[in-house]
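Here is the structure we will look at, set down as structure tokens.
Residue numbers (the working numbering), protein chains in the order written: chain Z, 2 to 198; chain S, 310 to 491.
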């Protein structure tokens, strides 16, 4: 049943696709298919709006990932600065910082030990200290990223309401009501048509 | 500057006067455009618009309704396409997928499953160098992306509000003339 609706929606959408994202992950397509399979009465407008909603969800996830990456990268940068003042290759990357935050205590301990030993360390002596410093240094950008996420949330909400407003079920009922009204009016006109008398 | 030098400068300037071909002039005419979102949409000559308008009308919407909603959606598309363009304009970030693909290739080669030629080795080395360079400036790329996209928030707000307003009008329209076209 769901698969049938998805096929039906995709058949409408595929020739008229408007969203062309450079997405290598396939996330957008997964979100879109999920939304389309929930669509009760697919038509051109509803599948177009679903496509826009899927894009907004995709952008929201993208902004969340970017925000996280900004913080991780800034933390790695602070640790690097604290460890050495000579520059050169990075000792830790954003990926390493993520591992620590996911619970890699060994790596955290290693970073803490290195920070304590660093002779030129004037920044911070712990991983958590570096993380706090990173947050402060990127506070402005984080706020902008939050605005972007908030914008996508509002976009989704508005598009959902738009989809609700053009819902074919209610339109069909409205159509039928008006059609009945028209028939009734026509009938009345016929009844009082002087030529008919 | 002597008169002779001024004359020489003018003569030299005539030799290098920017793009000459039609396509070159066309490209350079777009140089100062940042996102073009303040320009008026030219819908009359847009094939996509014409097709969507026909399909939406086929679903039972009146011409005016279909025209408004399709133009609003295409305006929104223009904004979101500009966002995507701005997002990628700063520079690509190579993720784990690409790095893991290279690692898989190298381990396969070590195990003798595949053979990597000299040219492929060079390509892999270049790719690794690119990943390293990207990681070194990852922070600045991310910050630039966020700042660039922030400039487009107000356009998103405008286009979404337009879609919302039109769909609400369609919903509230009790004397919809298209219904009599049944």
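C-beta: ideal position from N, C-alpha, C; glycine also.
query	result
Secondary structure of residue 354(S), DSSP reduced to three states	coil
Interface residues of chain Z facing residue 368(S) [CB-CB closer than 7 Å]	44, 45, 46
Minimum Cβ-Cβ distance from residue 476(S) to chain Z less than 7 Å	yes
N-terminal and C-terminal residue of the alpha helix (DSSP H) that residue 156(Z) is part of	140-166
Spatial distance of residue 481(S) from residue 167(Z) (CA atoms)	10 Å
Nearest-angstrom beta carbon gap, residue 452(S) and residue 142(Z) [assumed within contact, 8 Å]	5 Å
Residue 16(Z), buried or exposed, once every other Cβ within 10 Å from all chains shown has been counted against 16	exposed
Nearest neighbour of residue 390(S), chosen from 154(Z), 97(Z), 21(Z), 146(Z) [CA to CA]	21(Z)
Contact set for residue 469(S): own chain, Cβ-Cβ below 8 Å, skip 5 residues either direction	385
Cut-off 7 Å between Cβ atoms - residues of its own chain near residue 458(S), not counting five sequence neighbours on either side	392, 395, 396
Secondary structure of residue 78(Z), DSSP reduced to three states	helix
Short Cβ contact (7 Å threshold) for residue 359(S) with residue 475(S)	no
Amino acids of chain S, ordered along the chain, whose beta-carbon sits closer than 7 Å to that of residue 166(Z)	476, 477, 479, 480
Member of 351(S), 362(S), 448(S), 473(S) whose CA lies at the smallest distance from the CA of residue 79(Z)	448(S)
With 16 other Cβ atoms within 10 Å as the buried cut-off, status of residue 343(S)	exposed
Below-7 Å beta-carbon distance, residue 145(Z) vs any chain S residue	yes
Proximity test, Cβ basis, 7 Å: residue 440(S) and chain Z	no
Buried versus exposed, by CB contacts within 10 Å (16 or more), residue 322(S)	exposed
Contact residues within the segment 15-37 of chain Z, judged by C-beta distance below 9 Å to chain S	16, 17, 19, 20, 21, 22, 23, 25, 26
Beta carbon proximity, residue 113(Z) to chain S, threshold 7 Å	no
Selection from 129(Z), 105(Z), 104(Z) that minimises the alpha carbon distance to residue 116(Z)	129(Z)
Neighbouring residues, chain Z, relative to residue 456(S) (Cβ below 9 Å)	142, 145
Where residue 339(S) falls: helix, strand or coil (DSSP)	coil
Members of the segment 377-389 of chain S that neighbour chain Z once the beta carbon cut-off is set at 7 Å	378, 382, 385, 386, 389
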